[in-house]
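Chains as they are written, first to last, in this note's numbering: chain A, 1 to 812; chain B, 813 to 1624. Where is the CB? At the ideal position from N, CA and C, for every residue including glycine. As the structure is a computational prediction, the values presented were derived from the model and not from experiment.
Number of protein chains: 2
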Amino acid sequence: MSDANELASISAFGPARSTVQDTNPLSKDEIEKYDDYFKASLYLTLGMIYLRQNPLLNEPLEKKHLKARLLGHFGSGPGQIFTYMHFNRLITKYDLDAIFISGPGHGAPAVLSQAYLEGTYSEVYPECSEDEEGMRRFFKQFSFPGGIGSHATPETPGSIHEGGELGYSISHAFGAVFDHPDLIAVTMVGDGEAETGPLATSWHSTKFLNPITDGAVLPVLHLNGYKINNPTVLARITHKELESLFVGYGYQPYFVEGSDVETMHQAMASTLEHCVLEIKRFQKQARDSGKPFRPRWPVIVLRTPKGWTGPRKLDDRFLEGFWRAHQVPITDVHENPEHLKVLERWMRGYEPERLFAGGRVAAELRALCPTGPRRMSANPVANGGLLRKPLRMPDFRDYAIAVGKPAGSIAGSMNNMAGFLRDIVALNPTNFRLFGPDETESNKLARVYEAGKKVWMGEYFEEDADGGNLAPAGRVMEMLSEHTCEGWLEGYILSGRHGLLNSYEPFIHVIDSMVNQHCKWLEKSLEVEWRNRVASLNILLTAVVWRQDHNGFTHQDPGFLDVVANKSPEVVRIYLPPDGNCLLSCMDHCLRSSNYVNVVVADKQEHLQYLPMDEAIVHCTKGIGIWPQFSTDEGAAPDVIMASCGDIPTHESLAAIDLLLTHFPDLKIRCVNVVDLFKLISHIDHPHGLTDTEWVALFTDDTPIIFNFHSYPWLVHRLTYKRPGNGHMHVRGYKEKGNIDTPLELAIRNQTDRFSLAMDAIDRMPGLKKRGAEAREKLKGAQIKARNQAFEEGIDPAFLSGWRWTRGEGGK
Amino acid sequence: MSDANELASISAFGPARSTVQDTNPLSKDEIEKYDDYFKASLYLTLGMIYLRQNPLLNEPLEKKHLKARLLGHFGSGPGQIFTYMHFNRLITKYDLDAIFISGPGHGAPAVLSQAYLEGTYSEVYPECSEDEEGMRRFFKQFSFPGGIGSHATPETPGSIHEGGELGYSISHAFGAVFDHPDLIAVTMVGDGEAETGPLATSWHSTKFLNPITDGAVLPVLHLNGYKINNPTVLARITHKELESLFVGYGYQPYFVEGSDVETMHQAMASTLEHCVLEIKRFQKQARDSGKPFRPRWPVIVLRTPKGWTGPRKLDDRFLEGFWRAHQVPITDVHENPEHLKVLERWMRGYEPERLFAGGRVAAELRALCPTGPRRMSANPVANGGLLRKPLRMPDFRDYAIAVGKPAGSIAGSMNNMAGFLRDIVALNPTNFRLFGPDETESNKLARVYEAGKKVWMGEYFEEDADGGNLAPAGRVMEMLSEHTCEGWLEGYILSGRHGLLNSYEPFIHVIDSMVNQHCKWLEKSLEVEWRNRVASLNILLTAVVWRQDHNGFTHQDPGFLDVVANKSPEVVRIYLPPDGNCLLSCMDHCLRSSNYVNVVVADKQEHLQYLPMDEAIVHCTKGIGIWPQFSTDEGAAPDVIMASCGDIPTHESLAAIDLLLTHFPDLKIRCVNVVDLFKLISHIDHPHGLTDTEWVALFTDDTPIIFNFHSYPWLVHRLTYKRPGNGHMHVRGYKEKGNIDTPLELAIRNQTDRFSLAMDAIDRMPGLKKRGAEAREKLKGAQIKARNQAFEEGIDPAFLSGWRWTRGEGGK
């Protein structure tokens, strides 16, 4: 359908066609060995999909040997295996430090078969030993209840990339090689995956990779041709377009195309070798000269038939080279004896009896594998916890904001915390990076640039010297793609380092699914004994909903917390520090932790400060507490509990207490503040949760609670519906009401402003039913007045942000 | 930093450099006019950002004329205006039908100024009249409390793309031109936006656009050079790379680069004209021949300085052509009198007194605009509700699944419903499309292909004839990018048509943020009087969590409902039909509705069927109800209420009733089923919600309720925490427990299986404390036995899926 002039024959079938030609690095003997190795590996792949008994086909294949339910994906396996095994040759030849990232969906059989052939699998899981019974177990567990998945899950030795959700192989790979100058991440990209948005933009990662300080990614785009039921876009455009696309992305593409195995061995071996030498040449040039540059990094385009080496047709229908080879290639072997025979013939064609004589892979094939940690299935980088060193951390107390009278002065909590981050960057020059989608400066974290600038390998212009903060060797990673930033960070952490993502709160939903998947990875990793704990994934959210008044409705969405709260309590933590010292304490805690997803929500504007550092530490350690300095109940039963969670909601809640005390100086008010959101849920459901006894000590079981919350109010109800006295809980939060507003107006629309909260309290206290009416009127009047003034001027009246707590200790 | 050989001068400054050369379509007089028009438009843009008084600068500019809080983005405005106004010439010259999509973030001033100059704005909003006072109001309202936003929000005439969240301009544009053969969508893509994943892959949309039946997108990549605080990737790669990238994406790139306004006028005018003629030529060729093909569609790369025509420097710091021009270009005009003067000089440089003499734009400038609906700000396509025709719908009752004994037989609900969809496709050949990320066949909707195949404009291979279901003119849109599919669907709907997205449940989180943004668009549209209602965005989720046992943990996430439930009750609807006839009824309802986001969750496997069509209609209309055929309370007070929501949870809940009745034949059980999730919430909070009286009639306020839910259980608690008797509500659902399991095992892990539910019921009924113990033991034993059998065989025992309701009416 393309422009007629550009039509190109792009069938995956035929003798090898490749960019690198006339080098035949393999001897005839080597070709035979690699051919055997390929067969052995393909055999294992089919075995995983089909067999629960008779693993070596020592007996004729019968139905009883088959798994009852056939699951697994064959389609992309052959191409992945082909790449992996030919790269092994180069690892040995050049003593390379490499990992393999399997991007195509359900690609595990390929890498599992390699881990088994390399011996790693049996080392890690001794029950899957290198003998007939071990192989039987190895086959049976695959996609079998209680067994292992068809993705490269945490159980897979050598994996840092599960690939359950598609799109992140390249960003994970780049994350892994940053600050690992000798590492090469061989990264298979499925042509299905390549259609996703996150993958499509992640190719640009080369603009952020420094050939002196970072390693290299060698992407292999696998043009398998088909997805589940459709051809892939990249397999059906012209050769010229495909080549141009990669030149455009900044790569030098090398094609290896065909189905003839013998010629493909030479083509793949020579192409991979050429690419490795190119990588080494670029690195040497940059490192010898000390001048980082952005070369045209190599990318391989591997076009092989889907289900390569399988039957081209089954009956009259296409199989190899078509989407029917995507998953289980022959599905009806239980019911169709003819097809069972086809399968048996196919499997025997891989010669298991010869290649696994005695149940163990032939020694001369094993000799093709690297050894020890050079095996990609055993590289410690892919069990990053092994490499993880604790961050060198300055004492966060040294960055304390001086707080005299509580709520008596303002400071920029975020800007202050940036000093702490800056020094962490300085102390960990190869171990920590800050990530963000072009928002770090906007988020008031620019002081970090004093210790590490933004990595930039694109062109430099004259203006850049004027505050551009760009450098080839920087520590801050900024690309306008939350997906890429998150993917880099995940790869960086999973390979043993530390990091932090900062992002606008409203657009963090862009990576809901990525964070979900990372939570799932962490959760499963806890069950894998040999995986060491990795640094937590830390997400700092700012530009929060309550200060998105001027940006309007599209920028108002605090719902990421709901997504995170659905994940396993073993791995998620949510903190909403109310002020600057609490922010420091929370960040210190998060950056020291491991195996969590920590979400910290804090506004970036200047804010009232409440707690001196020592009190902040106590408050954050407890995660929730009564604030006596703003309370008037002094041990007596309170009339009302004014609770808050989040810096801006806390500010308004305190101002509401102030208003209430102005009108009712004798009111017994208890002020409760929540930093650690999961304190609200039962200790049975989350390790941070309070017991009901602890809950009642704070909230009683009979007092009205006016809870001002940062996010959607229903999240608090969801966490507290079982609590004693939960019927007294009145939660305010963002209710999806907003437009172009002032902060006051936005708060009023959602009833989180001080006036609304004070009126809420009056309404809920039975004792104020009568005498509260007048005060309520006044509050309403003050609210309307402030509102009108804001409408007229376009800014809120100064008395709102100028509010300070003026009472003595105990709020009197 | 690039390869030294390829370094290219890519400054945005200087005389025009363009691909199309030696054609100078504009006369000197025309250049002068366009120059004036440009100035008038730029003046309006600055006016919106700065002024609340003195709109025409009739007086010297003083602080009191300024808005108190300065908001808005100037950076991308000039380039957008330049494109818009030069395209106007071609609209008039060739009588084009066109819309303008503004991709760059906060790009509204550019399009608002055009709408005002074209007169549309004053027609729609008479208070912003074409005189001094009207202009003052027009200025003041911008980014002002109670006013309009800095994105192309629903209030913006001519907009179908708000651009609050970046990345969707191209997919929206393609969605709008599908089945609009004469429409051209001129689409500005910001170079910031271009870094996002969704945008990066959406360029491939051309592989799904048929030049005979569809219109054309003319993308203009605006190389503004900078994001908020960083250079953009695409502005800092070599010219060759940039050109290759677009050739690779399948386009013919045309460059227009420079800052010299006079030469840029000629370059832009001639380039746009060339591109329009190319589009017309391709369309003519395909339409005359009847042979659709995929041409190299034109794309324009417009490189102009950020903040073009502003001061190059402010004091010693770069402004024009640097990121400091991104937002408000001079921020301290309130405090710095010198800078206020700079601003005034700058604004007067645009000659407002001459161009808006008498407060109205000069007639000869207005004459440059198209008229009536040819104005891009007034094209009815951008108010799609005007064009929307109801779908032609077959009677869904004709597709009813025959249901004899309730829960007595199984059928494929999804496969059956596909017949209904197929006939909708057939009846609406230019008005309805089905979208999905390569999952339509997997989702059992393949019967749709009988009426409309999958659109495919890539190459065709021999295998495609073997069940490929591809065609250049199809009705099903499949690309492995949820982002692109969703963007296409949004664009298709917003321009007046109908559609449905089908997707795997686990990966719908990929587009959480897009759906959020669409909800917000719909919600705001309700407040815009002149916007007509558009078709609902319908999302059909299948491959649900409970049948993702074999795909493992990464495929288990039903949390999209939590994200949707946070949006405004005015626009979101969630349905979980329990069986095939209910699915038909729900789909019929959703496809007829308007201005909602409808989410329907249904499994794709074969299922027990419960309700004959007439009962299904009643049940779905009520949205919730008692199922007497599975109840034994017969008007008496029930001992327990077994409630369910979702097809698989319903199945297990009914089986649990069966188990309970086996052990306790005299038990009074009430069976309640929920189709419409928002029935659970109070009618105060959602228009579908039940009153408390209605609630009590179903659930009582004192009976234990065992509620089996499709998604995370907390969502039900969140919706029902206020209900009478909510302490009796025990909700089961997915609790983030899963691995490679059988369906039974997955259910048991999450306590949603029949055995667990029956035991739950026993535990909650005080009357069964004693006599229930034995039954409980038996249930536990049966559960363990089934579980072990599944572990051994790899599939669940047949008696589980073979379960049928065997009791008489009333469950006896």
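Taking 8 Å as the cut-off, the beta carbon of Ile1091/B is found no closer than this to the beta carbon of Thr999/B. Of all residues in the segment 205-231 of chain A, the ones placed with a Cβ closer than 7 Å to any Cβ belonging to chain B are Lys207, Lys227, Ile228, Asn229, Asn230, Pro231, in chain order. DSSP places Met947/B in the uninterrupted alpha helix (DSSP H) bounded by 944-953. Take the alpha-carbon of Ser205/A and the one of Ser171/A: they are about 7 Å apart. Measuring C-alpha to C-alpha distances from Ala1212/B to each of Ala1174/B, Lys952/B, Pro1424/B identifies Pro1424/B as the nearest. By alpha-carbon distance to Tyr1422/B, the top candidate from Phe1232/B, Asp1451/B, Ser1225/B, Gln1360/B is Ser1225/B. Around the CB of Glu1548/B, 16 or more other CB atoms lie within 10 Å, so the residue is classed as buried. Non-local beta-carbon contacts of Phe1567/B in its own chain, meaning distances under 8 Å to residues more than five positions away in sequence, involve Ala1468, Leu1471, Ile1560, Leu1591, Lys1592, Ala1594, Gln1595, Ala1598 in chain order. Look at Trp1526/B: its C-beta is under 8 Å from a C-beta on chain A.
Close to chain B, meaning a Cβ-Cβ distance shorter than 9 Å, are the following residues of the segment 241-261 of chain A: Glu241, Leu242, Glu243, Ser244, Leu245, Phe246, Val247, Gly248, Tyr249, Gly250.
At a cut-off of 8 Å between beta-carbon atoms, Ser503/A makes no contact with chain B. Here DSSP, grouped into helix, strand and coil, assigns Gln833/B to coil. Taking 3 residues as the shortest admissible run, the segment 134-198 of chain A contains the following complete beta strand (DSSP E) segments, listed from N- to C-terminal end: 183-190. From the beta-carbon of Arg69/A, the residues of chain B found nearer than 8 Å are His1362, Gly1606, Ile1607. Counting other Cβ atoms within 10 Å of its Cβ, Ile706/A reaches 16 or more and is therefore classed as buried. For Tyr575/A, no alpha helix (DSSP H) run applies; the uninterrupted beta strand (DSSP E) run containing it begins and ends at 572-575, by DSSP. Classified as buried, Gln517/A has 16 or more neighbouring CB atoms from the shown chains inside 10 Å of its CB. Of all residues in the segment 1250-1262 of chain B, only Asp1250, Glu1251, Thr1252, Glu1253, Ser1254, Ala1258 come within less than 9 Å of chain A when Cβ atoms are compared, listed by chain position.
At a cut-off of 8 Å, the C-beta of Asp179/A has no neighbouring C-beta in chain B. DSSP places Ser1225/B in the helix class (H, G or I) of the three-state scheme. Not flagged as an interface residue toward chain A: His1498/B, since no C-beta distance is shorter than 8 Å. Assignment of Arg294/A by DSSP, reduced to helix, strand and coil, places it in the strand class.
Exposed is the label assigned to Gly372/A, since fewer than 16 other Cβ atoms lie within 10 Å of its Cβ.
Non-local beta-carbon contacts of Ser925/B in its own chain, meaning distances under 7 Å to residues more than five positions away in sequence, involve Ser853, Leu856, Thr857, Ile893 in chain order. Ala643/A carries a strand assignment under DSSP once its states are collapsed to helix, strand and coil.
When only Cα atoms are considered, Val1487/B and Arg392/A end up about 55 Å apart.
Under the DSSP definition of a beta bridge, Asp676/A partners with Tyr575/A.
Residue pairing for Tyr1066/B: DSSP places it in a beta bridge opposite Ile1112/B. Note that the C-beta distance between Trp530/A and Val124/A is below 8 Å. Runs of the alpha helix (DSSP H) spanning 4 or more residues and lying entirely within the segment 694-773 of chain A occur at 713-720, 743-749, 754-764, in chain order. Taking C-alpha positions only, Ala1414/B is separated from Leu1479/B by approximately 31 Å. Interface annotation for the segment 846-877 of chain B against chain A: Arg864, criterion Cβ-Cβ distance under 9 Å. For Ser1315/B, the pairing in a beta bridge is given by DSSP as Leu1353/B. DSSP places Ser1406/B within a strand segment (E or B) once states are collapsed to three. With contacts defined by Cβ atoms closer than 8 Å, Glu130/A and Arg360/A form a contacting pair. In this model, Asp741/A and Arg864/B are separated by some 16 Å (Cα to Cα).
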